[in-house]
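Chemist: Structure provided below as structure tokens; questions to follow.
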Amino acid sequence: MFKTLFGKLMRTYFIIIAITLIMLGFSLSQILHNYYFSQKQKQLIDEGMKINDMVVQYTLGAIDEQRFYQEIDAIDRFLNAKIWFVDRVGIIWASSSGTDGSWEGQKLTKKEFKQVMEGDIITKIGRFSQRFTVPMITVGVPLSINGRINGAIFLHSPVYEVNNTLKNVYKMIWVSALISLVIAILMLYFTSKRISKPLKEMSTIAKDMSKGRFDKKVSIYSDDEIGQLSQSFNYMARELENLENMRKSFVENVSHELKSPLTSINGFIEGMIDGTIPREEFDKYLGLVSKEIKRLSKMTKELLELSQLENPSMVIKPSPFDINELIRKVIINHEAILKEKDIDIDVRFDEHNLWVVGDEEKILQVLNNLLDNAIRFVDAGGRISFITLCDDDKAYISIQDNGCGIPEGEIKYIWDRFYKVDKARTYDKTGTGLGLSIVKNIIKQHNQEIWVKSQPGKGTKFTFTLKKYGEKP
Numbered sequence: 028m029f030k031t032l033f034g035k036l037m038r039t040y041f042i043i044i045a046i047t048l049i050m051l052g053f054s055l056s057q058i059l060h061n062y063y064f065s066q067k068q069k070q071l072i073d074e075g076m077k078i079n080d081m082v083v084q085y086t087l088g089a090i091d092e093q094r095f096y097q098e099i100d101a102i103d104r105f106l107n108a109k110i111w112f113v114d115r116v117g118i119i120w121a122s123s124s125g126t127d128g129s130w131e132g133q134k135l136t137k138k139e140f141k142q143v144m145e146g147d148i149i150t151k152i153g154r155f156s157q158r159f160t161v162p163m164i165t166v167g168v169p170l171s172i173n174g175r176i177n178g179a180i181f182l183h184s185p186v187y188e189v190n191n192t193l194k195n196v197y198k199m200i201w202v203s204a205l206i207s208l209v210i211a212i213l214m215l216y217f218t219s220k221r222i223s224k225p226l227k228e229m230s231t232i233a234k235d236m237s238k239g240r241f242d243k244k245v246s247i248y249s250d251d252e253i254g255q256l257s258q259s260f261n262y263m264a265r266e267l268e269n270l271e272n273m274r275k276s277f278v279e280n281v282s283h284e285l286k287s288p289l290t291s292i293n294g295f296i297e298g299m300i301d302g303t304i305p306r307e308e309f310d311k312y313l314g315l316v317s318k319e320i321k322r323l324s325k326m327t328k329e330l331l332e333l334s335q336l337e338n339p340s341m342v343i344k345p346s347p348f349d350i351n352e353l354i355r356k357v358i359i360n361h362e363a364i365l366k367e368k369d370i371d372i373d374v375r376f377d378e379h380n381l382w383v384v385g386d387e388e389k390i391l392q393v394l395n396n397l398l399d400n401a402i403r404f405v406d407a408g409g410r411i412s413f414i415t416l417c418d419d420d421k422a423y424i425s426i427q428d429n430g431c432g433i434p435e436g437e438i439k440y441i442w443d444r445f446y447k448v449d450k451a452r453t454y455d456k457t458g459t460g461l462g463l464s465i466v467k468n469i470i471k472q473h474n475q476e477i478w479v480k481s482q483p484g485k486g487t488k489f490t491f492t493l494k495k496y497g498e499k500p
């Protein structure tokens, strides 16, 4: 049990509360012990002072002897105390009637009454020089008449009376502590259950998720840390489900993309081996095989690039460069294919030179991929435009074509790996379906944005941003 979170919480809280209650109980017991004894001593001192006043009244004749001893006996019964009257030399000349045996005539040692005769009030706990068989609380008060100390008054009260009272108080304290502990344990039980239950539920769901089951969700809705953890857990489950779906889709797409060229290559080679393809046409079909192999090689390379871009540890190397000059280089590199398809290039630059900050090699790849994409889907005799604009801190780079466009419902999917819009746009089999995914990830690595606007039959416009360089080098 104690190996579970619930058990550990119960054990920890129980130990803390038990130690707290025990320490509180002992502290309170000590405080009450000191309080009751000090109160008893104070009570004896007060009564001793009253007795002193009665002695003064007795010596002045204000009260008679019978009344005097009645008052003394009343105090004796009220306090359950033995009262002694001691003269200047230490002889007990009178005592209360409730005392055991006769104390009159006994003499105290000098040590026992010297301090009182000097005018001090003394308090002691014990057997008073073994004169009593049980511990007593003793108070000694000077007997003062007309400002002169003529003796002492001693009051002795049994300790067991205070102890009996304290025992009852202690019993109430520890019973209350025990009841509090039981209540605390019950509260701890339900609190620990409330904390551990959602965690246990998460553990069960996590095991299901490890087996590929993502349909279950944590049903905890609270505003505390457990509730926030539950929300994060459900979010993680959704992301893992999406990731798993992407993985399955990726495997299916890769399998499909590999199957087509491999089937073609296998068919061509088998045809050459079994004589279906005449020897004089070998060069033609070997050229087709080479084309398919290049396509496979390109797809493999782009998959590796995409994997690197999606790696969180991937670091770009930003530096200032002229984006307009880079666009010019890209156009020159594509000059042959542009002439072949009779595509007109329109360049509209806000400034002759536009300096930006970024990884020049990666941005070159973005421009190449976007231009390749535009060329692929523009009919012969079409037009492609490069447009650059800027504001105070950003540059806006656009590539626009007047091709067949993208249906509105499919625009949100174009960044997915291996996604191809429709059959009308996939007649050119040189594409791998990875180019736009690579573009998206490169721009994301630069903490910039890219978006697309398209109208079927009118064309498509891709726009991305880059950080503008402060000063031209």
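The sequence shown maps to residues 28 to 500 in my numbering.
Where a beta carbon is used, it is the ideal one built from N, C-alpha and C, also for glycine.
#1: Can you tell me where the beta strand (DSSP E) with W201 in it begins and where it stops?
#2: From K480 to M273, what distance separates their C-alpha atoms?
#3: If distances are taken between C-alpha atoms only, which option among I402, Q482 and L416 comes closest to G436?
#4: So, for N380: in the same chain, excluding its five sequence neighbours on each side, which residues have a beta-carbon less than 8 angstroms away from its beta-carbon?
#5: Assuming L493 contacts A401 under a Cβ cut-off of 8 angstroms, what Cβ separation, rounded to an integer in Å, is found between them?
#6: Count the other C-beta atoms from every protein chain shown that fall within 10 angstroms of the C-beta of I470, then say buried if there are 16 or more, exposed otherwise.
#7: Within a Cβ cutoff of 7 angstroms, which residues of the same chain sit near V83, ignoring the five residues on either side of it in sequence?
#8: Should Y440 go down as buried or exposed, given a rule of 16 or more other Cβ atoms within 10 Å for buried?
#9: Is V168 helix, strand or coil by DSSP?
#10: Is V116 closer than 8 angstroms to I148 when the C-beta atoms are compared?
#11: Near I354, which residues of its chain fall below 6 angstroms by C-beta distance, leaving aside the five closest residues on each side in sequence?
#12: Jot down the residue ranges of each uninterrupted beta strand (DSSP E) in the segment 325 to 384, minimum 3 residues, whole runs only, in chain order.
#13: Have a look at the DSSP bridge pairing and note the partners of Q142.
#14: Find out if the Cβ-Cβ distance for the pair Q427, G486 is shorter than 8 angstroms.
#15: Buried or exposed: I465, going by 16 or more other Cβ atoms within 10 Å of its Cβ?
#16: Which whole runs of the beta strand (DSSP E) in the segment 46 to 102 are 3 residues long or more, in chain order?
#17: Alpha helix (DSSP H) containing V161: first to last residue?
#18: Determine the direct distance from the alpha carbon of G52 to that of K35, and round the result to whole angstroms.
#19: Would you call V357 buried or exposed, if buried means 16 or more other Cβ atoms sit within 10 Å of its Cβ?
#20: In terms of DSSP beta bridges, what is L416 paired with?
#21: For L493, write down the residues that DSSP places opposite it in a beta bridge.
#22: Have a look at D420, E378, G146 and I102 and flag the residue whose alpha-carbon is nearest the alpha-carbon of R175.
#23: Could you tell me if M263 is buried or exposed, where buried requires 16 or more neighbouring beta carbons within 10 angstroms of its beta carbon?
#24: So, with DSSP's three-state summary, where would you put A401?
#25: Please state whether DSSP places Q133 in a helix, a strand or coil.
#26: Which residues does DSSP pair with R175 in a beta bridge?
#27: Ends of the alpha helix (DSSP H) at G462?
#28: Work out the CA separation of S287 and A363 for me, nearest whole Å.
#29: Would the segment 56 to 68 and the segment 227 to 234 be scored as touching if the rule is three or more Cβ pairs under 8 angstroms?
#30: Between L170, E476 and L182, which lies nearest to T150 when the distance is taken from Cα to Cα?
#31: Taking D373 as the reference, give the member of I200, F404, Y40 and L398 with the closest Cα.
Modeler: According to the structure data:
#1: Where W201 is concerned, there is no enclosing beta strand (DSSP E), although the alpha helix (DSSP H) it sits in stretches over V186 to S237.
#2: Using only the alpha carbons, I get a separation of about 25 angstroms.
#3: Of all alpha-carbon atoms in I402, Q482 and L416, the one lying nearest the alpha-carbon of G436 is that of Q482.
#4: In its chain, beyond the 5 residues on either side, D349, N351, E352 and K499 have a beta carbon closer than 8 angstroms to the beta carbon of N380.
#5: About 19 angstroms separates the beta carbons of L493 and A401, which is beyond the 8 angstroms limit, so they are not a contact pair.
#6: By the 16-neighbour rule on beta-carbons within 10 angstroms, I470 is buried.
#7: Hits under 7 angstroms: I172.
#8: Counting Cβ neighbours within 10 Å, Y440 comes out exposed, since fewer than 16 surround it.
#9: When DSSP states are grouped into helix, strand and coil, V168 belongs to the strand group.
#10: Judged by beta-carbon spacing, V116 lies beyond the 8 angstroms limit of I148, meaning their Cβ atoms are not closer than that value.
#11: A distance below 6 angstroms between beta-carbons, with the five flanking residues on each side excluded, links I354 to the following residues of its chain, in chain order: F413.
#12: The qualifying runs are 346 to 349 and 371 to 376.
#13: DSSP, once it has assigned bridges, lists no residue as partnering Q142.
#14: A contact, by the Cβ cut-off of 8 angstroms.
#15: Residue environment: I465 is assigned as buried (16 or more neighbouring CB atoms within 10 Å of its CB, all protein chains considered).
#16: Complete beta strand (DSSP E) runs here, min 3: none at all.
#17: Where V161 is concerned, there is no enclosing alpha helix (DSSP H), given that its DSSP letter is neither H nor E.
#18: If you take the alpha carbons of K35 and G52, they lie about 25 angstroms apart.
#19: Residue environment for V357: buried (at least 16 other C-beta atoms within 10 angstroms of its C-beta).
#20: In the DSSP assignment, the residues bridged to L416 are Y423.
#21: Within the DSSP bridge table, the entry for L493 names A422 as partners.
#22: Here the closest residue by C-alpha is G146.
#23: Classification for M263: exposed.
#24: The answer is helix: DSSP assigns A401 an H, G or I state.
#25: Coil at Q133, not helix or strand.
#26: Its beta-bridge partners are I172.
#27: That run of the alpha helix (DSSP H) goes G462 to Q472.
#28: Using only the alpha carbons, I get a separation of about 28 angstroms.
#29: No: the two stretches stay apart, fewer than three of their Cβ pairs being nearer than 8 angstroms.
#30: Nearest of L170, E476 and L182 to T150, Cα basis: L182.
#31: Closest option to D373, Cα to Cα, is L398.
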